[in-house]
Every structure is written in structure tokens, then in C-alpha cells.
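This is the structure:
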């Protein structure tokens, strides 16, 4: 089955800096890669996703890149703000599956 | 976007008792799932809630411990039976609204077993 590795487990940055979270996956059939943000006491929120027919997708301060050859994808957050502090999960799913495999999460801390 | 409501949002329970968690969505969904998130951990799929039939359980999860119902397209329940402290977790309802669509989560039910 699919295996998703996520790094780092903890990331501490200063407000205004950029943050990058990286994930690798094992199943070459995976073609859907969502990212979730989980704030303390809340459920995971889908913030951005990418499908294998594109290499990059942006939404304001966040972007995701995908390298299918190397089987890795990354989340980039620019101009970080304290409200970006949360746990971020990457995930991978293969063709038509509704059930992604999740990474172990990255705790992002943005210091004011 | 649609609203996914879970009840209770949190509870403290005694060992050996059972608790039923409800999930209500305000529009029809294609698929409904139940996840468990142990403290500081990732998301683990418990089962797929099938409308009008038995749920499909993942390895390590059994119907006797986690009975699930889904009587219609917008409602499901998960029961955590004969609870022990190891069952202390966040239980999350999740849904897919359309074929090959995105997975969305409710706010979770935070369960503490003493």
C-alpha cells in the first residue's frame, strides 16, 4: 500500500519568513495530493490540493509543487503570519480512491 | 461549502461504558468515513460508513468495538463500545460530496476515558 513520509515534524519560523513542508510517497499510481491544516481543537481543513496533471498550484500565500518522477510534493507558505500556526498534514491518493494516506503531520509555529 | 456537524464535541467517560457520536451533513454526500486521531498523531481510518448496509472496516478495527450506522445519505453514527483509556482520542467524521471529489472533515469529537 501507499506510504507517505512527511518532514519536518516541527518547523519554527519568524513572522514574515517562508515555510516549506516536504512529503514523499511510494505508490506511483497516486495522482491526488491534498494538504490539510489542523488548528488546535478543530478538525482538519483542506487548504489546497494538486493532481498529477499539474506541477504547481498557488492560492494567495500558499503553493504546492509536485514532482511525479521523484515522487515528492511540497507545501510552501510565504509571508507567514501567527495565524498560520497549526499542524499541517499531507496526503496521497490513487486514481478514483476517496481515501488518502496521510503523513504524520508538521507542527508549524510562527513567532510574532 | 456544506456543514459537517458532530455531536458531542467532547466528552469524559468511564471505563467500560459506551458512547455514540453523531455526524450530520447539511447536503447529500457520496461517501462518509470515520477516522481516529490519537493524541499528537496522524489520521487513521476506522471504517467507511455504507448507507443501509454494514460498514467496511479497516485492518485493526472491528464492528463489535466500533459499530457504525448510516441510515441515510446525510447522517451516520459511530459507537465506541466498552471503552478503555486507550480509546481516548479525537473521532472525526469525514465526507466526500462528489465522485472523485475532495475529502472534508467535521470538527471532531474529543473523547477522554478515565
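Protein chains in written order, with this note's numbering: chain V, 339 to 450; chain S, 1034 to 1147.
From the three backbone atoms N, C-alpha and C, an ideal C-beta is built for every residue, glycine too.
For residue 387 of chain V, the three-state secondary structure derived from DSSP is strand. Within the region 1039–1098 of chain S, complete beta strand (DSSP E) segments of at least 3 residues are found at 1043–1046, 1052–1058, 1064–1070 and 1077–1082, given in chain order.
Chain-order list of chain S residues neighbouring residue 443 of chain V: 1073, 1074, 1075 and 1076, by C-beta distance under 9 Å.
At a cut-off of 8 Å between beta-carbon atoms, residue 381 of chain V makes contact with chain S. One Cα belongs to residue 1087 of chain S, the other to residue 1101 of chain S, and the distance between them is close to 8 Å.
Taking a 10 Å sphere around the C-beta of residue 1039 of chain S, we find 16 or more other C-beta atoms and assign the residue as buried.
The shortest CA-to-CA distance from residue 370 of chain V to any of V/352, V/339, V/411 and V/399 is the one to V/411. Between the alpha carbons of residue 1140 of chain S and residue 1147 of chain S lies a gap of roughly 23 Å. Secondary-structure assignment with DSSP links residue 439 of chain V through a beta bridge to V/430. Among the residues of chain S, those whose CB is under 9 Å from the CB of residue 387 of chain V are 1135, following chain order.
Cβ contact annotation for residue 1060 of chain S (same chain, cutoff 8 Å, sequence separation greater than five): 1035, 1107 and 1130, in chain order.
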